[in-house]
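Peer 1:
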Amino acid sequence: MKALRIFGTILVCLLVACLVYLYLWSLVFGARFDDLSAAAEARSRQPHYIIDADTANEVDDLFAIVGALARDNRYHYDRPLLVGLTAAQFHTSPLAGSTTALESQRINEQLLKLMYATVPSFPGSDQPLRSATEAQPSPASQFIVAEARKASPEQKLTVFILGSCTNLASAILSDSSIVPNVHARYLGFWYDPATGVYDKKEFNTGNDPAALNLLLNTKGLEFTVMTATSSQALQMTREQLDNKLPADSPVTQYLQKRWDTYDRWWTEADPGKKQWTMWDVASLEAWFNPQFATLENRPAPAENLPRDINVYTAIDSGQMLEQWFMVVDSSLRATAKAIQ
Ligand SMILES: [Ca+2]
Numbered sequence: 019m020k021a022l023r024i025f026g027t028i029l030v031c032l033l034v035a036c037l038v039y040l041y042l043w044s045l046v047f048g049a050r051f052d053d054l055s056a057a058a059e060a061r062s063r064q065p066h067y068i069i070d071a072d073t074a075n076e077v078d079d080l081f082a083i084v085g086a087l088a089r090d091n092r093y094h095y096d097r098p099l100l101v102g103l104t105a106a107q108f109h110t111s112p113l114a115g116s117t118t119a120l121e122s123q124r125i126n127e128q129l130l131k132l133m134y135a136t137v138p139s140f141p142g143s144d145q146p147l148r149s150a151t152e153a154q155p156s157p158a159s160q161f162i163v164a165e166a167r168k169a170s171p172e173q174k175l176t177v178f179i180l181g182s183c184t185n186l187a188s189a190i191l192s193d194s195s196i197v198p199n200v201h202a203r204y205l206g207f208w209y210d211p212a213t214g215v216y217d218k219k220e221f222n223t224g225n226d227p228a229a230l231n232l233l234l235n236t237k238g239l240e241f242t243v244m245t246a247t248s249s250q251a252l253q254m255t256r257e258q259l260d261n262k263l264p265a266d267s268p269v270t271q272y273l274q275k276r277w278d279t280y281d282r283w284w285t286e287a288d289p290g291k292k293q294w295t296m297w298d299v300a301s302l303e304a305w306f307n308p309q310f311a312t313l314e315n316r317p318a319p320a321e322n323l324p325r326d327i328n329v330y331t332a333i334d335s336g337q338m339l340e341q342w343f344m345v346v347d348s349s350l351r352a353t354a355k356a357i358q
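Taking the numbering used here, the leading residue of the sequence shown gets 19, the next gets one more, and so forth.
1) My understanding is that L87 touches L129, with C-beta atoms under 8 Å, so please give their C-beta distance in whole angstroms.
2) Let me confirm a value: P319 is counted as buried when at least 16 other C-beta atoms fall within 10 Å, else exposed. Which label applies?
3) If you run the structure through DSSP and keep just helix, strand and coil, what is F140?
4) Give, in chain order, every unbroken run of the beta strand (DSSP E) that is at least 3 residues long and sits entirely within the stretch 50 to 91.
5) Taking 8 Å as the threshold, find out whether the stretch 294 to 303 comes into contact with the stretch 324 to 340 through three or more Cβ pairs.
6) Step through the CB atoms of chain D and report whether any lies within less than 8 Å of the CB of R61.
7) Identify every run of the alpha helix (DSSP H) within the stretch 207 to 292, keeping only runs that are complete inside it and at least 4 residues long; order them along the chain.
8) Cβ-heavy atom distance between G181 and ligand 1 below 7 Å?
9) Can you name the start and end residues of the beta strand (DSSP E) that A197 belongs to?
10) Cβ-heavy atom distance between E76 and ligand 1 below 7 Å?
11) So, using beta-carbon positions, are K218 and P227 closer together than 8 Å?
12) From the DSSP output, which residues share a beta bridge with A332?
13) With distances taken between CB atoms, is the gap from F241 to T223 smaller than 8 Å?
14) Measure the beta-carbon distance from Q107 to T184 and round it to whole angstroms, keeping in mind my assumption that it falls under 8 Å.
15) Using alpha carbons as the reference points, say which of D326, A56 and Q123 lies closest to T243.
16) State yes or no: is the C-beta of E69 within less than 8 Å of the C-beta of L99?
17) Would A311 and Y330 qualify as a contact pair, given that the criterion is a beta-carbon distance under 8 Å?
18) Taking only the alpha-carbon atoms, compute the straight-line gap between Q358 and T136 and give it to the nearest angstrom.
19) Starting from T184, trace the alpha helix (DSSP H) both ways and give me its first and last residue.
20) Where W277 and K291 are concerned, what is the direct C-alpha to C-alpha distance, given to the nearest angstrom?
21) Shorter than 7 Å, the distance from the beta carbon of D298 to the closest heavy atom of ligand 1, or not?
22) How about V77 and V346: do their beta carbons lie closer than 8 Å?
23) Can you give me the C-alpha to C-alpha distance between L186 and W305, rounded to a whole angstrom?
24) Is the separation between the beta-carbon of A164 and that of E121 shorter than 8 Å?
25) At a threshold of 7 Å, does D70 count as lining ligand 1 (C-beta to nearest heavy atom)?
26) Do you know how far the Cα of A35 is from the Cα of I28?
27) In the DSSP assignment, what residue or residues form a beta bridge with E340?
28) Do D79 and ligand 2 come close, with the Cβ less than 7 Å from some heavy atom?
29) Which term fits P308, buried or exposed, when burial requires 16 or more other beta carbons within 10 angstroms of its beta carbon?
30) Per DSSP, what kind of secondary structure is S149 in: helix, strand or coil?
31) Among residues of its own chain, excluding the 5 on either side of P198, which ones have a beta-carbon nearer than 7 Å to its beta-carbon?
32) Consult DSSP for L175 and reduce its assignment to one of helix, strand or coil.
33) Mind checking T176: buried by the 16 CB within 10 Å criterion, or exposed?
So, in structure tokens, the structure goes:
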């Protein structure tokens with residue numbers, strides 16, 4: 019009888035221990051499951067974007083890309099995710115060879131390596147559109163199509179165009195079903211906010227006018243422009259570059275070398291290259307920091323589809339520049355610490 023009581027007590031104790039064990043594990047697994055589902059939810063809302071840049075044409079593209087890579091963190095789903103870097107042509111430059119997109123691609127790859135970024139990159143077409151209806155397919159345009167197909171009208175793919183519009187225009191000509199899934203953010207043409215007058219005599223536009231007009235004339239394509247007029251206010255001095263980023267960083271040194279060795283062919287002003295207009299930086303920073311820019315709905319150019327487009331009519335260039343330096347400086351310092 020006594021043995022039976024002892025056996026019963028042991029059995030009850032084991033049962034209680036099992037229940038406590040199961041309860042504790044359910045708490046742990048439940049918390050983990052909540053974390054995972056919250057992460058999946060945040061990830062599904064994460065804005066995806068592509069930068070399409072004519073990097074080898076100028077100096078400012080490099081700074082815009084470095085600013086974006088400094089922010090990119092694949093594990094912070096509340097931040098925009100740079101899904102790819104594509105390279106654009108600039109065939110009208112007096113310095114242009116016959117493979118300008120490939121030249122841009124090479125610099126893009128170097129920047130990704132220097133920033134330890136695992137972002138895929140693709141070369142675009144070396145030539146502008148053949149006509150308003152004929153695409154120039156390329157790995158870049160195919161990549162844009164593939165990413166845009168994954169997007170939706172509610173969760174659009176943002177494509178920053180920092181050079182000619184050839185690659186996105188070719189993507190749309192290849193598959194027009196992507197249009198409602200894409201938000202084009204163009205850096206180009208002049209616009210006077212006071213008079214509402216547009217002027218398309220500008221470098222990026224001139225490298226593929228048919229491609230830009232295709233984007234402006236495409237019904238349902240969300241279109242935002244950081245104009246040359248607004249972005250020209252963003253001036254960086256060489257002194258700032260030398261003083262505000264870590265001098266021993268390979269990224270700082272790469273940017274300084276580009277600044278020194280690039281021939282500024284369009285002007286003889288400022289021969290010592292004491293400052294540089296950071297047009298492309300303005301386009302990305304206005305998106306990262308909307309509080310530093312004024313965005314307005316304005317009628318599209320009269321010769322294009324009658325509709326409103328989004329136009330940045332002013333920027334706070336001082337705040338934008340400070341923010342760019344702060345983010346890039348802290349990213350370069352963190353990287354240096356991590357690889358020590
Ligand atoms: Ca550019």
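Don't be surprised by glycine CBs; every beta carbon is placed ideally from N, CA and C. None of these values were measured; they are calculated from a predicted model.
Peer 2: The short version:
1) Position 69 of the sequence shown, counting from 1, holds the residue named residue 87. Position 111 of the sequence shown, counting from 1, holds the residue named residue 129. Correct: roughly 7 Å between the Cβ atoms.
2) Locating residue 319 in the sequence shown gives position 301, where the first residue counts as 1. Burial call: buried.
3) On the sequence shown, position 122 is the one that residue 140 refers to. Looking at F140 - three-state DSSP - the assignment turns out to be strand.
4) 66 to 71
5) yes
6) Any reference to chain D falls outside this structure, which holds one protein chain only.
7) 221 to 224, 227 to 235, 246 to 249, 256 to 262 and 268 to 279
8) To locate residue 181, count along the sequence shown from 1; it is residue 163. G181: yes, Cβ under 7 Å from ligand 1.
9) Translated into the one-based positions of the sequence shown, residue 197 becomes position 179. According to the sequence as given, residue 197 is Val; it is not Ala. Per DSSP, V197 belongs to no beta strand (DSSP E) and is neither H nor E.
10) Position 58 of the sequence shown, counted from the first residue, corresponds to residue 76. Yes; taking the cut-off as 7 Å, the Cβ of E76 has a heavy atom of ligand 1 nearer than that.
11) In the sequence shown, counting from the first residue as 1, residue 218 sits at position 200. In the sequence shown, counting from the first residue as 1, residue 227 sits at position 209. Going by C-beta atoms, K218 is nearer than 8 Å to P227.
12) One-based indexing of the sequence shown puts residue 332 at position 314. A332 pairs with T312.
13) On the sequence shown, position 223 is the one that residue 241 refers to. On the sequence shown, position 205 is the one that residue 223 refers to. No, they are not a contact pair.
14) Along the sequence shown, one-based indexing puts residue 107 at 89. Along the sequence shown, one-based indexing puts residue 184 at 166. At roughly 6 Å, the Cβ-Cβ gap stays under 8 Å, so Q107 and T184 are in contact.
15) Against the sequence shown, residue 243 aligns to sequence position 225. It is worth fixing the name first, because residue 243 is Val in this sequence and not Thr. Per the Cα distances, D326.
16) Position 51 of the sequence shown, counted from the first residue, corresponds to residue 69. Position 81 of the sequence shown, counted from the first residue, corresponds to residue 99. This sequence places Ile at residue 69; Glu is not what is there. It is not a contact, given that the beta carbons lie outside the stated cut-off.
17) In the sequence shown, counting from the first residue as 1, residue 311 sits at position 293. In the sequence shown, counting from the first residue as 1, residue 330 sits at position 312. Closer than 8 Å, so yes.
18) In the sequence shown, residue 358 corresponds to position 340, counting from 1. In the sequence shown, residue 136 corresponds to position 118, counting from 1. Cα to Cα, Q358 sits roughly 20 Å from T136.
19) Taking the sequence shown and counting its residues from 1, one reaches residue 184 at position 166. Taken as a continuous stretch (DSSP letters only), the alpha helix (DSSP H) holding T184 covers T184 to S192.
20) Reading the sequence shown from its first residue, position 259 is the one you call residue 277. Reading the sequence shown from its first residue, position 273 is the one you call residue 291. C-alpha separation (whole angstroms): 8 Å.
21) The count along the sequence shown starts at 1 and reaches residue 298 at position 280. The answer is yes for D298.
22) Within the sequence shown, numbered from 1, the residue matching residue 77 stands at position 59. Within the sequence shown, numbered from 1, the residue matching residue 346 stands at position 328. Taking 8 Å as the Cβ cut-off, V77 and V346 do not qualify as a contacting pair.
23) On the sequence shown, position 168 is the one that residue 186 refers to. On the sequence shown, position 287 is the one that residue 305 refers to. Rounded to the nearest angstrom, the two C-alpha atoms are 19 Å apart.
24) Within the sequence shown, numbered from 1, the residue matching residue 164 stands at position 146. Within the sequence shown, numbered from 1, the residue matching residue 121 stands at position 103. No, Cβ-Cβ distance for A164 and E121 is not below 8 Å.
25) Numbered from 1 along the sequence shown, position 52 holds the residue referred to as residue 70. Answer for D70: no, Cβ out of range of ligand 1.
26) Walking along the sequence shown from the start, residue 28 turns up at place 10. Walking along the sequence shown from the start, residue 35 turns up at place 17. For I28 and A35, the distance between alpha carbons rounds to 10 Å.
27) Taking the sequence shown and counting its residues from 1, the one referred to as residue 340 is at position 322. BP columns for E340 are empty, so no partner.
28) Ligands in the displayed structure: ligand 1; ligand 2 is not one of them.
29) Taking the sequence shown and counting its residues from 1, the one referred to as residue 308 is at position 290. With fewer than 16 Cβ atoms within 10 Å of its Cβ, P308 is classed as exposed.
30) For the purposes of this step, residue 149 is taken as residue 131 along the sequence shown, with counting starting at 1. Three-state result, S149: strand.
31) Translated into positions along the sequence shown, residue 198 becomes position 180. Excluding residues within five positions, the ones whose Cβ falls inside 7 Å are P171 and G238.
32) Within the sequence shown, the letter at position 157 stands for residue 175. The answer is strand: DSSP assigns L175 an E or B state.
33) Sequence index remark: in the sequence shown, residue 176 carries index 158 (1-based). T176 comes out buried.
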